[in-house]
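Before any comments, here is the structure.
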Ligand SMILES: [Ca+2]
Ligand SMILES: [Ca+2]
Ligand SMILES: [Ca+2]
Ligand SMILES: [Ca+2]
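Numbering (this note's numbering), first residue to last: 11 to 334.
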């Protein structure tokens with residue numbers, strides 16, 4: 011029985027292959043629930059359009075949309091989407107985000123600007139390697155919040171007409187909100203300072219700290235670059251190997267850090283949110299500043315994570331201290 015199971019597993023692994031199809035993002039829509047969205051993300055940036063330009067950190071490509079100034083002096087985004095899908099509006103964020111939303115008027119019949127009553131609804135999509143549907147903003151909404159949160163960071167949101175109810179959708183969007191992902195690392199978890207003795211030609215563990223907005227399991231299939239080295243010591247594209255690098259609360263680091271003692275050590279940063287610890291061969295580091303550092307110098311280093319969906323995250327930095 012054991013043998014049969016092993017064969018089945020082997021066949022499954024072969025079938026999955028190295029380019030195993032990874033789960034796509036999971037999104038949660040907050041339809042008319044601004045308080046829920048805010049509670050989920052904790053903090054956010056707001057584009058109120060009041061300075062008449064989009065950004066900084068934002069870019070929009072739109073067939074018909076532009077910033078409109080109402081008689082009251084309020085500026086907002088004014089746009090028309092058509093069905094069959096022709097005109098689209100694509101928001102691009104300079105830094106990866108995990109949440110997007112805003113206050114939408116699709117349904118009003120006023121003339122400042124002309125909204126035209128309910129039209130085609132709005133299909134909201136996000137770029138997750140390819141464009142995927144997130145949800146639909148109802149055509150009757152007048153100044154209603156609609157937003158979503160994704161478990162996987164993304165950089166682009168696309169708006170397009172949803173169906174032929176009215177064939178077009180004129181709408182406004184104000185107070186667009188979004189939350190950038192902020193990822194912290196801990197070089198040499200459980201050690202401080204993060205001393206590196208280059209003469210040992212050893213391995214440098216780097217902990218990616220999970221958070222309320224980062225479930226580290228979504229990093230499966232990502233690639234990691236640290237001071238010029240790519241994580242090659244372990245094939246993190248292999249789901250079994252990937253899982254072995256997750257540090258769950260109350261378990262040892264699978265590679266034996268800490269080496270002994272603390273049987274019930276919490277995660278890399280001693281909280282209850284799992285972290286991902288990956289390892290780089292010290293000999294693989296090629297960064298010029300790092301290579302030029304002398305004894306007792308410190309070097310600031312961040313990790314560049316390229317997700318399976320193509321989004322690149324540059325983490326916050328941590329400090330290495332060269333001892334030899
Ligand atoms: Ca405004
Ligand atoms: Ca409309
Ligand atoms: Ca450390
Ligand atoms: Ca943690």
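Glycine residues also receive a C-beta, built at the ideal position from the N, C-alpha and C atoms. Treat the numbers as computed from the prediction; the structure is a model and nothing was measured.
- About 19 Å separates the Cβ atoms of residue 78 and residue 130, ruling out a contact at the 8 Å cut-off.
- Going down the chain, each residue whose beta-carbon is closer than 6 Å to a heavy atom of ligand 3 shows up: 196, 197, 198, 199, 201, 202, 204.
- Between residue 194 and residue 91, the gap from beta carbon to beta carbon reaches 8 Å or more.
- Distances taken from the Cβ of residue 116 to the heavy atoms of ligand 2 include one shorter than 7 Å.
- Residue 249 sits in a helix when the DSSP states are folded into three classes.
- Where residue 45 is concerned, the enclosing alpha helix (DSSP H) starts and stops at 44-51.
- In the same chain as residue 204, and ignoring 5 residues on each side of it, the C-beta atoms closer than 7 Å to its own belong to 197, 198, 328, 329, 330, 331, in chain order.
- Cβ contact annotation for residue 252 (same chain, cutoff 7 Å, sequence separation greater than five): 230, 246, in chain order.
- In its chain, beyond the 5 residues on either side, 122 have a beta carbon closer than 6 Å to the beta carbon of residue 81.
- Counting of Cβ neighbours within 10 angstroms places residue 211 among the exposed residues, the total staying below 16.
- With a threshold of 7 Å, the Cβ atom of residue 181 counts as near ligand 2, since some heavy atom of the ligand is closer than that.
- Between the beta-carbon of residue 38 and that of residue 159 there is about 5 Å, and that keeps the pair under the 8 Å contact cut.
- Contact fails between the segment 160-177 and the segment 59-68, because fewer than three Cβ pairs, one in each stretch, are under 8 Å apart.
- Apart from sequence neighbours up to five positions away, the residues of its chain that approach residue 50 with a beta-carbon distance below 6 Å are 159, ordered along the chain.
- Closest option to residue 296, judged by alpha-carbon separation, among 236, 66, 167, 326: 236.
- Boundaries of the beta strand (DSSP E) around residue 86: 85-92.
- Of the candidates 191, 89, 100, 312, 191 places its Cα closest to the Cα of residue 321.
- For residue 226, the three-state secondary structure derived from DSSP is helix.
- In the displayed model, residue 301 falls within a helix according to three-state DSSP.
- With contacts defined as CB atoms closer than 8 Å, residue 315 and residue 232 qualify as a contacting pair.
- The beta carbon of residue 119 sits closer than 6 Å to those of 127, all from its chain and outside the five residues before and after it, given in chain order.
- DSSP places residue 170 within a strand segment (E or B) once states are collapsed to three.
- Of the residues 136, 171, 140, 143, the one whose Cα lies closest to the Cα of residue 149 is 171.
- Between residue 169 and residue 134, the C-beta gap is smaller than 8 Å, which places the two residues in contact.
- Taking 7 Å as the cut-off, one finds at least one heavy atom of ligand 2 near enough to the beta carbon of residue 128.
- Under the three-state reduction of DSSP output, residue 239 falls in the strand class.
- A distance below 6 Å between beta-carbons, with the five flanking residues on each side excluded, links residue 167 to the following residues of its chain, in chain order: 101, 110, 136.
- Residue 55 carries a strand assignment under DSSP once its states are collapsed to helix, strand and coil.
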